[in-house]
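**Student:** Here it is, the structure, as structure tokens.
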Amino acid sequence: MKCSTIILFAVNALGLVSAAAVADPEPASIVNPDDLVNNLETRRCFLSGEKFDDMPKTYQKVRDLCAGPFKGTYKKNEVRTYCRAVGRISVKYTIGLQGHNAGSTRNMDFNECVNGLDKEIKNCAKGGDTTYGNWRYRVDPNSGSC
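Letter by letter, the sequence shown follows residues -19 to -1, 1 to 127 of mature numbering (1 follows the signal peptide of the UniProt record, and there is no 0).
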């Protein structure tokens, strides 16, 4: 008897739910947990420091940077950081080819850049730092000027 059949029988016998036939997973759908490690993201929102001041300008600076200096080819472990005045504060924007899956080089296009940096602003009121498979994105609002 298969394990899934035993579990369903036991649950049904206890009157917890109605039992239904459940097929065993196809071998192709079984995932090795080690294969998932490379795809994990690491997100950290900052708990202290300045909050974003002028959201429309904060997002516009992302677009300006992604259309200019953040765009292009990166070498593994290359990091680019730019500081911009936004309202009464300054904001440091950072992108780096530092993820676990990063190859020797990779191209950063406008949409990927905007998507990654916008998430740090939208999801973290005081900025954040996230590393995905290839890329690291960081947006850090600070008091004062750059």
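Heads up, the beta-carbon is just placed ideally off N, CA and C, and yes, glycines get one too.
1. By Cβ distance below 6 angstroms, which residues in the same chain neighbour Arg117 in space, the five residues on each side in sequence not counted?
2. Is there contact here, the segment 60 to 70 with the segment 29 to 43, by at least three beta-carbon pairs under 8 angstroms?
3. Is DSSP giving Tyr118 helix, strand or coil here?
4. Can you list, in chain order, the stretches of the beta strand (DSSP E) that have 3 or more residues and sit fully within the segment 31 to 76?
5. Among all the DSSP beta bridges, which residues are the ones paired with Gly109?
6. Measuring straight from C-alpha to C-alpha, what distance separates Pro6 and Thr23?
7. Given a cut-off of 7 angstroms on the beta-carbon distance, is the pair Lys105 and Cys47 in contact?
8. Determine the direct distance from the alpha carbon of His81 to that of Tyr113, and round the result to whole angstroms.
9. Considering only DSSP beta bridges, list what Asn88 is partnered with.
10. For a test of the three-state rule: what should DSSP assign to Ala9, helix, strand or coil?
11. Which class does Asn82 belong to by DSSP, given the choice of helix, strand or coil?
**Tutor:** Here's the rundown:
1. What you label residue 117 is simply residue 136 of the sequence shown in a count that begins at 1. Cβ within range, chain order: Gly77, Gln79.
2. yes
3. Sequence index remark: in the sequence shown, residue 118 carries index 137 (1-based). DSSP places Tyr118 in strand when its eight states are reduced to three.
4. 53 to 56, 60 to 67
5. By one-based count along the sequence shown, residue 109 stands at place 128. Cys26, Val120.
6. As a first step, residue 6 is located in the sequence shown; it is residue number 25 there, counting from the start. As a first step, residue 23 is located in the sequence shown; it is residue number 42 there, counting from the start. Low confidence applies to Pro6: its pLDDT is 37, below 50, so where it sits in the model is not reliable enough to give any reading.
7. For the purposes of this step, residue 105 is taken as the residue at position 124 of the sequence shown. For the purposes of this step, residue 47 is taken as the residue at position 66 of the sequence shown. Here residue 105 is Cys; the residue named in the question, Lys, does not match the sequence. No, the Cβ-Cβ distance between Cys105 and Cys47 is not below 7 angstroms.
8. Position 132 of the sequence shown, counted from the first residue, corresponds to residue 113. Position 100 of the sequence shown, counted from the first residue, corresponds to residue 81. Rounded to the nearest angstrom, the two C-alpha atoms are 8 angstroms apart.
9. Position 107 of the sequence shown, counted from the first residue, corresponds to residue 88. BP columns for Asn88 point to Thr54.
10. By 1-based counting over the sequence shown, the position of residue 9 is 28. Residue confidence for Ala9 is low, a pLDDT of 41 falling below 50, so the modelled location carries little weight; the figure read from the coordinates is stated next. Helix, per DSSP.
11. Within the sequence shown, residue 82 is the residue found at index 101, counting from 1. In this structure, Asn82 counts as coil in the three-state DSSP scheme.
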